[in-house]
Amino acid sequence: MSQSETAGLYPPTAEQAARAHADKETYDAMYAASIADPDAFWGEHGKRVDWIKPYSKVKNTSFAPGSIDIKWYEDGTLNVAANCVDRHLKDRGNQTAIIWEPDEASDEAQHITYQQLHAHVCKFANVLKEMGVSKGDRVVIYMPMIPQAAYAMLACARIGAIHSIVFAGFSPDALGARVNACGAKVVITSDGAPRGGRVTNLKDNVNQALRDDFNEVKCLVVKRTGQQIAWRDGLDFWLHEMEENVSNDCPPEEVAAEDPLFVLYTSGSTGQPKGVVHSTGGYLVYAAMTHQYTFDYHDGDIFWCTADVGWVTGHSYIVYGPLANGATTVMFEGVPTYPDAGRFWAVCEKHKVNQFYTAPTAIRALMGQGNSFVEKYDLSDIKVLGTVGEPINPEAWNWYNDVVGKGRAPIVDTWWQTETGGHLLTPLPGATATKPGSATLPFFGIQPVILEPTTGAELTDTAAEGVLCIKDSWPGQMRTVWGDHDRFEKTYFADYKNYYFTGDGCRRDEDGYYWITGRVDDVINVSGHRMGTAEVESALVAHSKVAESAVVGYPHEIKGQGIYAYVTLMNGVEPSDELRKELETWVRSEIGPIAKPDLIQWAPGLPKTRSGKIMRRILRKIAEDDFGSLGDTSTLADPSVVEDLIENRMNRG
Ligand code: WT7
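Following the UniProt record's numbering, the numbering of the sequence shown begins with 1 at its first residue and continues without gaps.
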């Protein structure tokens with residue numbers, strides 16, 4: 001081990017720096033240029049995308065109270081599908097665009113070339129038109145991880161329709177709420193969705209979601225499993241049947257840079273998920289550029305991001321970023337532990353993956369299964385390892401580095417959010433010396449600041465700790481909350497004026513490296529997925545036996561954070577293990593399996609102030625099994641409830 005490694009600093013090797021798009025000098029120079037003159041910098045880098053009508057303006061953004069307005073390349077026009085598909089046909093029509101790896105390891109993988117992708121997307125787009133979808137209409141995609149999910153996204157982009165993907169793990173109710181919220185005309189789904197050897201009846205879920213009040217919403221169904229499904233006559237259509245009657249030709253629609261490309265619902269600190277709106281031009285430039293630099297992607301590389309297209313990671317780094325760059329992108333239908341804990345590594349070996357991108361929760365789960373699952377496979381093609389979704393603990397980082405990367409592959413710990421469109425804090429493989437657990441330094445154009453949480457004062461010393469805000473806009477930034485611009489301003493620009501507030505706590509060390517310390521709002525991070533505690537609470541109180549509930553996060557070995565629910569039952573209802581199961585099932589069906597509480601504690605009362613506000617700080621401490629320092633409880637209406645909660649706590653370390 002070199003000296004710097006023992007000091008916890010992992011610099012790129014000379015060879016890594018030499019082959020990279022950016023070594024340290026290049027990064028420093030480009031970063032400085034991006035801050036000194038954003039118009040010049042992004043004006044130049046906007047050219048990585050093909051424009052129908054080139055832009056003459058670059059940046060036009062305001063974080064000023066009352067007039068939050070974000071526009072990039074506003075007078076340019078383009079088409080995202082043309083950029084992700086058509087423009088590659090000349091030079092790489094026969095190159096694989098998508099490698100699809102199915103759930104069953106014994107089933108054959110598919111290799112879809114750019115030429116084939118073009119044909120699929122054009123047909124799919126014509127089917128959507130045939131179903132009455134046109135520019136600006138919303139289309140909900142509720143699909144397994146199959147190539148048709150990517151075709152659906154690109155087909156929407158091709159005709160200027162706005163897609164809103166709902167993760168296939170969400171329940172019918174959650175799906176219906178999102179269809180309703182964005183006013184979708186069509187839902188695209190499949191008959192069934194195999195995952196980890198089990199099949200979810202997706203079409204059934206759609207039927208339930210659309211059971212009342214949705215008589216106008218059509219459904220387009222991809223045949224994946226061939227299982228029996230119930231049909232809504234006159235409203236449901238098979239993709240393969242529709243495709244028989246449409247032409248191959250579908251010219252891409254001219255779309256303005258600021259027209260929305262997609263809406264993606266994400267959790268916040270209130271009960272209602274927010275529809276995060278991303279633009280067409282700026283988003284594509286940012287997704288493509290971060291994909292190239294963060295992963296040091298080169299022509300011919302095989303790139304694999306293990307996320308689901310239901311999350312922003314799948315949008316930016318399975319589909320839009322890689323395909324805009326003419327990459328070969330792997331799409332995986334299954335889970336890391338099926339048929340066994342070696343699946344990721346088997347797929348890496350089989351497809352000779354060069355850049356591998358996953359979440360700390362998966363790394364921890366696989367680390368727990370032992371090294372033999374990794375050591376069986378030849379991973380010598382891996383050049384870069386990425387992580388995303390939550391802070392990675394040094395133990396998992398080291399395992400990823402030593403056992404998976406054999407110390408040869410730089411780790412890029414990428415910090416970003418659904419709202420940011422792409423990476424904001426990240427190492428670059430040939431440029432940045434990494435430190436386990438730190439997302440290191442800003443990407444080009446990003447100005448992170450640390451504010452004192454209560455006063456909002458900017459902390460200017462290099463070493464500082466507080467809340468993380470961003471000082472100025474970048475092209476991939478979300479533009480608004482769907483249908484509620486006011487909420488956009490309230491959520492991200494009201495607490496700290498003139499800054500974008502990320503919701504994360506952060507420490508900057510003496511080298512200027514950033515260390516995310518976790519959310520400072522009522523959002524918890526479960527297996528890298530964002531969960532609003534308020535959402536779980538409203539699901540719980542919707543149950544007839546529940547009077548009140550408070551949900552907090554607690555440290556969980558694999559998931560990062562687990563969901564801890566305090567539940568007060570209705571008068572006369574007796575707590576029981578069956579009731580606990582019933583509530584778990586209830587939350588699964590209200591939101592989805594990812595929202596199921598890990599621990600439910602029966603709470604005769606919740607700690608409240610005299611004005612009735614639940615003191616979550618206390619509940620968090622008890623859930624963390626750290627009740628020695630509860631702080632001031634004197635303002636509680638009834639301090640005795642705290643003793644009962646401590647006495648009966650569920651998480652005993
Ligand atoms: C929140 C955003 C955007 C990708 C997936 C999650 C946390 C994300 C990191 C990281 C520490 C991270 C933050 C952030 N987060 N990446 N590398 N290190 N924390 O997207 O659901 O919008 O959640 O995930 O808390 O605010 P998301």
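We treat Cβ as the ideally placed atom computed from N, Cα and C, and that holds for glycine.
- DSSP state of residue 468, grouped into three classes? strand
- Message: For the alpha helix (DSSP H) containing residue 129, name the first residue and the last one.
- Response: 114-130
- Distance, residue 385 Cα to residue 103 Cα: 23 Å
- Task: Ignore the nearest five residues each way along the sequence and tell me which others in residue 447's own chain have a CB closer than 8 Å to its CB.
- Result: 35, 470, 471 and 472
- Item | residue 218 - partner residues in DSSP beta bridges | 186
- If I'm right that residue 482 touches residue 156 with Cβ under 8 Å, what's the distance once you round it to whole angstroms? With 8 Å as the limit, residue 482 and residue 156 do not qualify as a contact, their Cβ atoms being about 15 Å apart.
- Item | Sequence-distant residues of its chain with Cβ nearer than 6 Å to residue 304 (five each side left out) | 330, 353 and 356
- Do residue 293 and residue 443 have their CB atoms nearer than 9 Å? yes
- For residue 495, the residue or residues it bridges with in DSSP: Looking at the DSSP assignment, residue 495 forms no beta bridge with any residue, so it has no partner.
- Grab me the residues of residue 634's own chain with a C-beta within less than 8 Å of its C-beta, minus the 5 sequence neighbours each way, in chain order. none
- Query: Quick one: what does DSSP say residue 6 is sitting in, helix, strand or coil?
  - Reply: Per-residue confidence for residue 6 stands at a pLDDT of 45, beneath the threshold of 50, marking its modelled position as unreliable; no derived number is given.
- Query: In terms of alpha-carbon separation, which member of 652, 606 and 475 lies closest to residue 627?
  - Reply: 652
- Message: Can you look up residue 313 in the DSSP assignment and give me helix, strand or coil?
- Response: helix
- Query: Quick one, are the C-beta atoms of residue 646 and residue 598 less than 9 Å apart?
  - Reply: no
- Task: Taking residue 235 as the reference, give the member of 347, 216 and 222 with the closest Cα.
- Result: 216
- Item | Backbone CA spacing between residue 276 and residue 491 [nearest angstrom] | 12 Å
- Task: Please determine, among 458, 119, 557 and 58, the residue with the shortest C-alpha to C-alpha distance to residue 392.
- Result: 557
- Query: Near residue 62, which residues of its chain fall below 7 Å by C-beta distance, leaving aside the five closest residues on each side in sequence?
  - Reply: 68 and 69
- Message: Looking at the secondary structure, which residues open and close the alpha helix (DSSP H) in which residue 19 lies?
- Response: 14-19
- Mark residue 88 as exposed unless 16 or more other C-beta atoms lie within 10 angstroms of its C-beta, in which case mark it buried. buried
- Message: Once DSSP output is grouped into helix, strand and coil, what is the label at residue 372?
- Response: helix
- Message: Buried or exposed, going by whether 16 or more other CB atoms sit within 10 Å of the CB of residue 570?
- Response: exposed
- Query: What are the complete beta strand (DSSP E) segments, minimum 3 residues, inside the region 401-482?
  - Reply: 411-414, 448-451 and 464-470
- Task: Within the same chain, show all residues whose beta-carbon is closer than 6 Å to that of residue 401, passing over the 5 residues directly before and after it, in chain order.
- Result: 411
- Message: On the criterion of 16 or more Cβ atoms from any shown chain inside 10 Å, does residue 39 qualify as buried, or is it exposed?
- Response: exposed
- Residue-level contact to chain C via CB, residue 572, 9 Å cutoff: The chain labelled as chain C is not found in the depicted structure, where only one protein chain is given.
- Query: For the ligand WT7, any of its heavy atoms closer than 8 Å to the Cβ of residue 525?
  - Reply: yes
- Item | Where residue 42 falls, given that 16 or more other Cβ within 10 Å makes a residue buried | buried
- Rounded to whole angstroms, what's the CA-CA distance from residue 362 to residue 595? Just pull it up for me. 18 Å
- Message: Once DSSP output is grouped into helix, strand and coil, what is the label at residue 156?
- Response: helix
- Query: Nearest to residue 462 by alpha carbon, out of 454, 449, 341 and 224?
  - Reply: 449
- Query: Which term fits residue 434, buried or exposed, when burial requires 16 or more other beta carbons within 10 angstroms of its beta carbon?
  - Reply: buried
- Say the cut is 8 Å; is the CB of residue 96 nearer than that to a heavy atom of the ligand WT7? no
- Identify, in the order they occur along the chain, each residue of the same chain with its Cβ nearer than 7 Å to the Cβ of residue 291, setting aside the five sequence neighbours on each side. 297, 317, 321, 322 and 325
- Identify, in the order they occur along the chain, each residue of the same chain with its Cβ nearer than 8 Å to the Cβ of residue 547, setting aside the five sequence neighbours on each side. 541, 568, 569, 570 and 571
- Item | Cβ neighbours of residue 5 in the same chain (closer than 6 Å, five flanking residues each side left out) | The predicted position of residue 5 is uncertain, since its pLDDT is 46 and thus under 50; a value taken from the coordinates is nonetheless stated next. Nothing meets the Cβ criterion.
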